[in-house]
């Protein structure tokens with residue numbers, strides 16, 4: 001997986017919606033001088049097709065979704081393939097980062113019931129609570145447990161959104177922990193014993 005941390009830099013303040021941010025970031029990616037995330041070989045990545053996936057985002061106060069094309073690259077050195085995922089997309093999730101943070105801000109500052117909030121955003125209550133739990137965990141990792149305990153969640157989210165180099169902060173998180181902010185970790189593979 002190739003993570004491209006550039007799309008969100010100050011883009012929360014721009015009037016670009018997540019689908020346009022994604023397209024802008026993906027179109028601007030130049031792979032010729034990049035290293036392979038697997039073997040590190042420079043300049044060995046070549047276009048290798050792609051696949052479509054859903055992107056769920058907010059547009060004019062409504063939940064929307066669209067298909068986006070995710071480009072794949074193949075390293076000529078080690079034959080590993082990698083998908084290009086700009087920071088707008090969260091691996092293994094159709095929901096954009098901005099969408100998840102918008103839902104969580106609404107949850108912590110809500111003036112309606114959880115069920116009404118979930119209906120408004122078109123998500124399940126269990127999904128909301130899963131995101132809330134993941135946010136708490138990733139908040140602890142990002143700013144440290146002690147600082148995290150002293151920082152209210154809505155303040156943390158707003159500071160994150162207003163941070164001048166959000167993409168840099170997300171890139172640092174990915175480099176340090178090996179997964180993306182608000183990413184659900186895939187279930188580990190299990191080996192079954194033969195009968």
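In our numbering, the protein residues as written are 1 to 195.
We put the beta carbon where it would ideally sit given N, CA and C, even for glycine.
Secondary structure of residue 134 (DSSP, three-state): helix.
The Cβ atoms of residue 93 and residue 69 do not sit closer than 7 Å to each other. DSSP places residue 98 within a helical segment (H, G or I) once states are collapsed to three. Taking C-beta atoms as the reference points, residue 167 and residue 57 fail to come closer than 7 Å. One alpha carbon belongs to residue 35, the other to residue 26, and they sit about 17 Å apart. Around the CB of residue 107, 16 or more other CB atoms lie within 10 Å, so the residue is classed as buried. At a Cβ-Cβ threshold of 7 Å, residue 182 and residue 90 count as neighbours. 103 is the residue among 103, 171, 144, 152 whose C-alpha sits nearest the C-alpha of residue 128. Under the DSSP assignment, residue 82 falls in the beta strand (DSSP E) whose first and last residues are 81 to 86.
Shortest Cα-Cα distance from residue 161 to any of 144, 105, 180 involves 105. Around residue 118, the same chain offers 124, 125, 127, 128 as residues with beta carbons nearer than 8 Å, after the five sequence neighbours per side are excluded.
Residue 79 and residue 157 have their alpha carbons spaced roughly 39 Å apart.
Burial state of residue 75 is buried, judged by a 10 Å Cβ sphere holding 16 or more other Cβ atoms.
C-alpha of residue 175 to C-alpha of residue 40: approximately 15 Å in a straight line. Around the C-beta of residue 131, 16 or more other C-beta atoms lie within 10 Å, and the residue is accordingly described as buried.
Counting along the chain, the unbroken alpha helix (DSSP H) around residue 149 starts and ends at 145 to 150. Taking every protein chain shown into account, the CB of residue 33 has fewer than 16 other CB atoms within 10 angstroms, so this residue is exposed. Under the DSSP definition of a beta bridge, residue 3 partners with 85. CA-to-CA, the gap between residue 67 and residue 38 works out to about 27 Å.
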